[in-house]
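J.:
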Amino acid sequence: MTVRSDINSISSFALPPMRVLGIDPGLNRTGYAILEQSSRGPVLKEGGIVQSTKKLSLSDRVYEIASGLRDLITEYEPTVMAIEQVFSHTEFPKTAILMGHARGVILLCAAEKSLPVVHYTPTQVKRLLTGSGKANKEQVQLAIQRELGLKKVLEPHDVADAFAIALCHYHSTKHKLRAS
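Residue numbers (the working numbering): 23 to 202.
#1: Hey, which unbroken runs of the alpha helix (DSSP H) at 4 residues or more fall wholly within the region 104-170?
#2: V108 and L91 look like a contact to me (Cβ under 8 angstroms); what is the Cβ gap, rounded to whole Å?
#3: Under 7 angstroms: does the beta carbon of R149 sit that close to some heavy atom of the ligand ATP?
#4: For G90, which of helix, strand or coil comes out of DSSP?
#5: Assuming G69 contacts A184 (C-beta within less than 8 angstroms), just tell me the rounded distance between them.
#6: Compare the C-alpha of I187 against each of K76, N158, V140 and P100 and name the closest.
#7: Per DSSP, what are the beta-bridge partners of R62 in this structure?
#8: Report the residue from K116, L43, G171 and G122 whose alpha carbon sits nearest the alpha carbon of D93.
#9: Quick test of your reading: S60 and P38, contact by CB under 8 angstroms. State the CB separation rounded to the nearest angstrom.
#10: According to DSSP, is T195 part of a helix, a strand, or is it coil?
#11: In this structure, does DSSP put T101 in helix, strand or coil?
#12: Give the DSSP bridge partners of G44, in chain order.
#13: Would you mind giving the Cβ-Cβ distance between R41 and E99, rounded to the nearest angstrom? I have them listed as a contact below 8 angstroms.
#14: Judging by CA-CA distance, which residue of I87, V175 and G48 is the nearest neighbour of Q163?
#15: Alpha carbons only, please: which of S154, E169, R51 and L57 is nearest the one belonging to A88?
#16: In the structure shown, what three-state DSSP assignment does V72 receive?
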């Protein structure tokens, strides 16, 4: 006699729902998004900005980012962090260096809580959400608005980008689970 079990119903009780902390790293403003898995699809839980004070030293600014992220991780208990990979425009090489400082402290905060981290390039995020790796910010914002059933686009762009990264991970994970 063969006994079959429904693996999906068993695992849904055994595992907590996925809660993604999406991060758009920046030294001035780090956008964050909390996206949770539900039976209806992804649900927007929280989004905002961790801002550093421009007049402070670099070390104090990264400390402000760390402090804000630690609070978010403690409050929302994400199961995974999805973060934008460093990129550089040839006209603005300093931007990549500053983003690297922010990413470093963000990754440290994740490591302190043993939070798994997944990295996505801007092209990956745009391609998954819009079908084109060259989509502009407005196209990405409209895709997020449609996906989450929002009445208006998310602003500022740091928050929208963080939700885009979180959605990218949500859908990438969903596709990987189907393929298994």
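We put the CB at the ideal spot given by N, CA and C, even for glycine. Note that this is a predicted model, so its numbers are computed, not measured.
T.: Let me spell this out:
#1: Counting only runs of at least 4 residues, the region 104-170 fully encloses the following alpha helix (DSSP H) elements, listed from N- to C-terminal order: 115-134, 144-152 and 159-170.
#2: Distance from V108 to L91 at the Cβ level is roughly 17 angstroms; contact not present, criterion being Cβ atoms closer than 8 angstroms.
#3: Inclusion of the ligand ATP in the displayed structure is not the case, the ligand content being empty and no account of it being possible.
#4: Correct three-state label for G90: helix.
#5: For G69 against A184, the beta-carbon gap comes to about 6 angstroms, under 8 angstroms, which counts as contact.
#6: The option with the nearest alpha carbon to I187 is V140.
#7: For R62, which the question treats as bridged, DSSP gives no partner whatsoever.
#8: For D93, the nearest C-alpha among the options comes from L43.
#9: About 12 angstroms separates the beta carbons of S60 and P38, which is beyond the 8 angstroms limit, so they are not a contact pair.
#10: If DSSP states are grouped into helix, strand and coil, T195 belongs with the helices.
#11: Coil.
#12: Answer by DSSP bridge pairing, in chain order: A55 and A104.
#13: By a beta-carbon distance limit of 8 angstroms, R41 contacts E99. Their separation comes to about 7 angstroms.
#14: Of the candidates I87, V175 and G48, the residue whose Cα lies closest to the Cα of Q163 is V175.
#15: Closest option to A88, judged by alpha-carbon separation, among S154, E169, R51 and L57: R51.
#16: In the structure shown, V72 sits in a strand (DSSP, three-state: E or B).
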